[in-house]
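Engineer:
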Amino acid sequence: MMKSQFITSNVLLLILALCFSVSCRSLFSNNLDVTPGSEDFITCLRSHSNNFTSISQLIFTSANSSFLPIWQVAVNNARFNQPDTPKPSVIVTPVEESQIRTALLCTKKCGYEIRIRSGGHDFEGLSSTADVPFVMIDFTNMRSIDVDVANRSAWVQAGAALGQVYYSISQKTDTLYFPAGVCPSVGIGGYLGGGGYGNLMRKYGLGADNVVDVRFMDVNGDILDKNSMGEELFWAIRGGGASSFGIVLAWKLRLVPVPEKVTVFTVDKTLEEGLTEIFHKYQTVMPNIDRNLHIRIQMFGENVGNTTQKTIRMAFEGIYQGTIDTLIPLLEENFPELNVTREICEEVKMVQTSLLFGGFSTSTPTETLANRSAINTLNFKGKSDYIREPISIDGLKKIWEKIFENDGSDTFSCIKPHQGGMMSEFSETAILVFLNTLECFRPIFQTVDLANQPSYTQHQHNPLAQEIG
Ligand SMILES: Cc1cc2nc3c(=O)[nH]c(=O)nc-3n(C[C@H](O)[C@H](O)[C@H](O)COP(=O)(O)OP(=O)(O)OC[C@H]3O[C@@H](n4cnc5c(N)ncnc54)[C@H](O)[C@@H]3O)c2cc1C
638 MMKSQFITSN VLLLILALCF SVSCRSLFSN NLDVTPGSED FITCLRSHSN NFTSISQLIF
698 TSANSSFLPI WQVAVNNARF NQPDTPKPSV IVTPVEESQI RTALLCTKKC GYEIRIRSGG
758 HDFEGLSSTA DVPFVMIDFT NMRSIDVDVA NRSAWVQAGA ALGQVYYSIS QKTDTLYFPA
818 GVCPSVGIGG YLGGGGYGNL MRKYGLGADN VVDVRFMDVN GDILDKNSMG EELFWAIRGG
878 GASSFGIVLA WKLRLVPVPE KVTVFTVDKT LEEGLTEIFH KYQTVMPNID RNLHIRIQMF
938 GENVGNTTQK TIRMAFEGIY QGTIDTLIPL LEENFPELNV TREICEEVKM VQTSLLFGGF
998 STSTPTETLA NRSAINTLNF KGKSDYIREP ISIDGLKKIW EKIFENDGSD TFSCIKPHQG
1058 GMMSEFSETA ILVFLNTLEC FRPIFQTVDL ANQPSYTQHQ HNPLAQEIG
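Using the numbering used here, you'd call the opening residue of the sequence shown number 638 and step up by one each time.
#1: Identify the continuous beta strand (DSSP E) that holds Tyr-804 and give its terminal residues.
#2: Can you tell which of Phe-953, Ser-881, Val-977 and Pro-821 has its C-alpha closest to the C-alpha of Ser-1010?
#3: Given the structure, does His-758 come close to ligand 1, in the sense that its CB is under 6 Å from one of the ligand's heavy atoms?
#4: Determine the DSSP secondary structure at Pro-894, reduced to helix, strand or coil.
#5: Count the other CB atoms, across all protein chains shown, that sit within 10 Å of the CB of Asp-759; report buried if there are 16 or more and exposed otherwise.
#6: Using 6 Å as the cut-off, classify the Cβ of Leu-890 as near or not near the heavy atoms of ligand 1, replying yes or no.
#7: Can you check whether the CB of Tyr-804 is closer than 7 Å to the CB of Thr-1003?
#8: Quick check: what's the CA-CA separation for Gly-756 versus Ala-845?
#9: Applying the criterion that 16 or more other CB atoms from any shown protein chain within 10 Å of the CB defines a buried residue, is Glu-954 buried or exposed?
#10: Excluding the five sequence neighbours on either side, which residues of its own chain have a C-beta within less than 6 Å of the C-beta of Lys-906, listed in chain order?
#11: Measure the C-alpha to C-alpha separation of Val-849 and Asp-677 and round it to an integer number of angstroms.
#12: Residues in its own chain within less than 7 Å of Asn-929 by CB, not counting five upstream and five downstream?
#13: Could you pull the DSSP bridge partners for Ala-952 from this structure?
#14: In this structure, how does DSSP classify Glu-1065 when only helix, strand and coil are distinguished?
#15: Is Val-823 near ligand 1, going by C-beta to nearest heavy atom under 6 Å?
#16: For ligand 1, I want to know if Val-819 counts as a neighbour, meaning its beta carbon is within less than 6 Å of at least one of the ligand's heavy atoms.
#17: So is the beta-carbon of Ala-795 under 6 Å away from any non-hydrogen atom of ligand 1?
#18: Using CA coordinates, which residue listed in Thr-945, Thr-963 and Thr-921 is at the minimum distance from Lys-898?
#19: To the nearest angstrom, report how far apart Lys-863 and Val-988 are at their CA atoms.
#20: Would you check whether ligand 1 has a heavy atom nearer than 6 Å to the C-beta of Tyr-834?
#21: For Arg-1025, count neighbouring Cβ atoms within 10 angstroms of its own Cβ and tell me buried if that reaches 16, exposed if not.
#22: Could you name each continuous alpha helix (DSSP H) segment of 4 residues or more that falls completely within the region 852–901, going from the start of the chain to the end?
#23: Return the chain-ordered list of same chain residues with a C-beta closer than 7 Å to the C-beta of Gly-833, the five sequence neighbours on each side being excluded.
#24: Which residues in the same chain have their Cβ closer than 8 Å to the Cβ of Lys-918, if we skip the five residues on either side of it in sequence?
#25: Step through the CB atoms of chain B and report whether any lies within less than 7 Å of the CB of Asp-859.
#26: Kindly list the residues whose CB is nearer than 6 Å to the CB of Gln-920, restricted to its own chain and excluding five residues on each side of it in sequence; keep chain order.
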């Protein structure tokens, strides 16, 4: 009797074990390897998915050989791409909105935090790493772009990069564009969530000023648009960091008119060529000049020739929505010190300016903008501050001294977006981003150990700027 009971219970155990292994095999089919600890999330996904087989191909845990490459591919700052950087417990790369909802609900149910990644350019790595167990939803498979030339608009899924947006528009028209940023690999998801400045802002405002609608998933998995979410949430997600409030699925963009040909130029000036006075004048000229003109500055600390004497070089990179014939008299009248001549100007299509500002020549095939792997990863952190009055000549000289003191490398780069134009017409609360910004006047030397730098965000205050008054 005892023996038959023993046999029966053993058979039962065997049957249970078989059932379990069968269910596990079907559960984790399609080569889905599961790290211990993430089974709860996978089990939840399975029970809430209509088609687990298809979603299982979009899920990666560290037991899966694709996990690390998928995580690394959009870590756009090398200081976060380290072996000891905390990685997600699970990466989900959805192809449709319902899969995002399922992943969101399971993340909540299983007690994970969630991180959303679009282009992966977050200066603090917020989309790729966290100090707590987390699930990453990576929009890499959701990048479709639907350009509607007749209605001057485009629906863009959150995973698209700015370069893809520019390229897609240029495939349909040369006379419409989206006023967004200079780096083609920045994701539209994070870019618009932070406000988004760019080369056309003096004429058309920030990227976020040109968002006309959104598809947005709230914490309950409900999908909202501009009308159903209400004015306040629509205001908050365009500048206040959309991931604080939910998940942007797609943005609807207003496309703005641009001339068929625009003019670009670059002029370099060093301290020996009167840079201090030229930059000082730049600060007062640019906010009031014709809003078709934008001049970005990149700044470099370097040696004079082969000597050990240090200098500052600034590259004044201009983009003008007009012809060379109208640009030259405009600059001769307002800013002759820059000495922009006809010979250094080039008339190009707007999409070619995105190549140029993205680090390519204007003759590079425009498809390059849509190819993320063609764009170099940059290891830098941008910092911003508000400057309402022009910096005095003495203030500028103090900045140069600071730059020379902070040695260890002889180069750094810095962008100084001037505003004015349409940017002066918005009220301070119109949108949740930085206005009148002097960006990154805290020099970031290439050899600086970024991991040990204090943390700044676009909205925080820069002590160096405070010091120079
Ligand atoms: C090389 C470089 C160049 C830059 N150039 C410019 C520029 O010209 N103009 C400018 O304004 N800024 C610029 N930036 C700053 C950039 O706009 C911000 O870092 C932006 O947040 C990056 O967005 P992302 O999607 O690439 O990054 P991600 O790291 O993917 O996301 C950034 C933040 O947005 C959140 N997020 C991403 N997708 C979503 C989503 N679908 N729903 C909700 N939240 C989401 C993330 O969780 C994270 O908190 C630049 C940054 C770098 C590194």
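Just so you know, even glycine gets a beta-carbon here, dropped at the ideal spot from N, CA and C.
Structural biologist: Well, looking at it:
#1: Premise fails: Tyr-804 lies in the alpha helix (DSSP H), 799–809, not in any beta strand (DSSP E).
#2: Pro-821
#3: yes
#4: strand
#5: buried
#6: no
#7: yes
#8: 17 Å
#9: buried
#10: Leu-912, Ile-915 and Met-951
#11: 39 Å
#12: Lys-840, Tyr-957, Gln-958 and Gly-959
#13: Asp-905 and Gln-935
#14: coil
#15: yes
#16: yes
#17: yes
#18: Thr-963
#19: 29 Å
#20: yes
#21: exposed
#22: 863–866 and 868–873
#23: Ala-817, Gly-818, Leu-843, Gly-844 and Ala-845
#24: Phe-972 and Glu-974
#25: Although the question refers to chain B, the structure presented lacks it and comprises just one protein chain.
#26: Pro-1027
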